[in-house]
Amino acid sequence: MNITFGPAEGPATPNTATLDGPSDYGFTPDTAEYFRAHPPSGHDEVRGNEQAGRVVRLDRNRVLVAGPSGLSHLPYPGQGPAPVTGDWVWLGHNRAGEPAVVEVLPRRTSLGRKRALASSTEEQVLGANIDVVGVVVPMDRPLSPNRLERTLVAAWDSGAAPLVIITKADLAELADDVVGQVMLHAAGVEVVTTSAEQSDGLDELMLHVPPGGTVVLLGPSGAGKSSLINALAGRDVQETGPVRAGDGKGRHTTTARELVPLPGGAVLMDTPGVRGFGLFDAENGLQDMFADLEELSGQCRFADCAHDREPGCAVQAALADGRVELRRWESYRKLQDELAALARKHDAAARRAYQREWHQNIVRAGLSQRAAERYRHEGGELRGKGRNRKGG
Numbered sequence: 007m008n009i010t011f012g013p014a015e016g017p018a019t020p021n022t023a024t025l026d027g028p029s030d031y032g033f034t035p036d037t038a039e040y041f042r043a044h045p046p047s048g049h050d051e052v053r054g055n056e057q058a059g060r061v062v063r064l065d066r067n068r069v070l071v072a073g074p075s076g077l078s079h080l081p082y083p084g085q086g087p088a089p090v091t092g093d094w095v096w097l098g099h100n101r102a103g104e105p106a107v108v109e110v111l112p113r114r115t116s117l118g119r120k121r122a123l124a125s126s127t128e129e130q131v132l133g134a135n136i137d138v139v140g141v142v143v144p145m146d147r148p149l150s151p152n153r154l155e156r157t158l159v160a161a162w163d164s165g166a167a168p169l170v171i172i173t174k175a176d177l178a179e180l181a182d183d184v185v186g187q188v189m190l191h192a193a194g195v196e197v198v199t200t201s202a203e204q205s206d207g208l209d210e211l212m213l214h215v216p217p218g219g220t221v222v223l224l225g226p227s228g229a230g231k232s233s234l235i236n237a238l239a240g241r242d243v244q245e246t247g248p249v250r251a252g253d254g255k256g257r258h259t260t261t262a263r264e265l266v267p268l269p270g271g272a273v274l275m276d277t278p279g280v281r282g283f284g285l286f287d288a289e290n291g292l293q294d295m296f297a298d299l300e301e302l303s304g305q306c307r308f309a310d311c312a313h314d315r316e317p318g319c320a321v322q323a324a325l326a327d328g329r330v331e332l333r334r335w336e337s338y339r340k341l342q343d344e345l346a347a348l349a350r351k352h353d354a355a356a357r358r359a360y361q362r363e364w365h366q367n368i369v370r371a372g373l374s375q376r377a378a379e380r381y382r383h384e385g386g387e388l389r390g391k392g393r394n395r396k397g398g
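For the sequence shown, the numbering used here begins at 7 and goes up steadily by one.
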């Protein structure tokens, strides 16, 4: 279904008093107020009659957007930040008078990770305007505490509420033991146990999502995300695939991040299986996830304690008497080191870029000054000599 916005010509600003939007994709009265607080900037591409929309999926050269009258593939905005799945956007017309995304609203929450390339210092934003980040933990394979903690750090840092969702509860005989391990390592984050096959735990899961809210599922391939989405949606909206018996891994049945409307007005953002989750500028998330260790570090005798062999180290004392698990402390330090290394790399890249720009400016300034001096001393002969040399 194609979206139509009325004629390209119209008032300079949209009629926000009667603003409508895609209610199936999380547009609520609060969202309408957010649009009113962020009217379109009025650059050349905005011609009036703008409407509220939300990015459902990114395709190769188009954006699938939900508007008040349905879904449509539209061009990317001509300026400003590139949209991501979950973005709220102003819909209007481009300079050619065609329907287009004309502006992306500021993101209230943003889930990101470091790009997969080892040399990269850039962030990959996975989704925006998310209310709940559901970290999916399948019960049919051994728990990886480090992976769980890493993903929860990113969830905390996004600004959304983290939630651990255990899947495939019907496949495990020792369900209570697995749940206990997850709760131990989730550090106070709510844990919900589900079985898509038996429709267990779905109502409890949705109690954690506010009306009209958006929940994203993060987990490895074969974790049961697609089956869970189908169960929550009440229909087959995602293809499901087999899981290898040897290692519990499945093939990726989801290939792009996409919003899926759920009964009751909530929205689910599906994501492809994530093999690794490189953290990006997640200091706040690290502090939230390891708040107990952050507090313990502040109890050391010395402010610059390295938590190694210094006298009066509260961390070493807690490790010695078993109050802190060694594995958890090592995971915390590893994530700390990872973020510090990324910050150093990012700063080094920024310094190199600044030095290149500075050098180019100096070179351009020097060439301009020498050219001006030659022209002042030689007058019009400079261009004449150039033509003679070229002709000769």
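For every residue, glycine included, the Cβ atom is placed at its ideal position computed from N, Cα and C.
Nearest to residue i (by Cα), restricted to the options the options
i	options	result
Asn67	Ser337, Pro89 and Thr277	Pro89
Leu169	Glu316, Ala320, Asp176 and Val159	Val159
Leu276	Trp162, Ala346, Glu203 and Val142	One point to set straight first is that residue 276 is Asp, not Leu, in the sequence displayed. Of Trp162, Ala346, Glu203 and Val142, the residue nearest in Cα terms is Val142.
Glu56	Gly230, Gln85 and Gly98	Gly98
Gly228	Asp310, Pro144 and Ala347	Pro144
Arg403	Trp162, Cys311, His44 and Leu345	No information on residue 403 is available, as it lies outside the stretch 7 to 398 that the chain covers here.
Ser47	Val95, Arg60 and Pro35	Val95
Val107	Gln322, His79, Asn290 and Tyr40	His79
Met212	Ala239, Leu345, Arg147 and Met189	Ala239
Alpha helix (DSSP H) segment containing residue i, residue limits
i	result
Leu234	Lys231 to Ala239
Val159	Pro151 to Asp163
Glu301	Ala297 to Ser303
Limits of the beta strand (DSSP E) - the one that residue i falls within
i	result
Pro35	That residue, Pro35, is in no beta strand (DSSP E); its alpha helix (DSSP H) goes Pro35 to Ala43.
Val321	Not the beta strand (DSSP E): Val321 falls in the alpha helix (DSSP H), residues Ala320 to Ala326.
Ala202	Unbroken run through Ala202: none, as it is neither H nor E.
Asp276	Val273 to Asp276
Ser78	Gly76 to Leu80
Ala167	Ala167 to Thr173
Ala72	Val69 to Gly73
Leu223	Thr220 to Leu224
Glu264	Glu264 to Pro267
Lys177	Here residue 177 turns out to be Leu, not Lys, going by the sequence shown. Neither: Leu177 is in no beta strand (DSSP E) and is coded neither H nor E.
Residues near residue i in its chain [Cβ-Cβ closer than 6 Å; skip 5 each side]
i	result
Tyr338	Phe296 and Leu299
Leu149	Gln187
Asp50	Annotation note: pLDDT 44 at Asp50 (below 50); position unreliable, coordinate value reported separately. Nothing meets the Cβ criterion.
Asp26	Pro74
Supposed contact pair residue j and residue i - C-beta distance, whole angstroms, cut 8 Å
i	j	result
Gly140	Ile171	5 Å
Pro83	Glu104	The pair is not a contact, with the Cβ atoms about 12 Å apart (cut-off 8 Å).
Gly32	Thr199	Incorrect: roughly 26 Å between the Cβ atoms, too far for contact.
Leu265	Gly118	With 8 Å as the limit, Leu265 and Gly118 do not qualify as a contact, their Cβ atoms being about 17 Å apart.
Val243	Ile235	6 Å
Ser164	Ser116	6 Å
Leu224	Ala192	Contact doesn't hold; Cβ gap of about 14 Å is too wide.
Beta-carbon contacts of residue i that lie in its chain and below 7 Å, excluding the five residues immediately before and after
i	result
Pro216	Asp137
Ala347	none
Any non-hydrogen atom of the ligand COA closer than 7 Å to residue i Cβ
i	result
Gly165	What this structure holds is no ligand at all, so the ligand COA is not there to describe.
8 Å Cβ shell around residue i - same chain, five flanking residues per side excluded
i	result
Gly86	Glu109 and Val110
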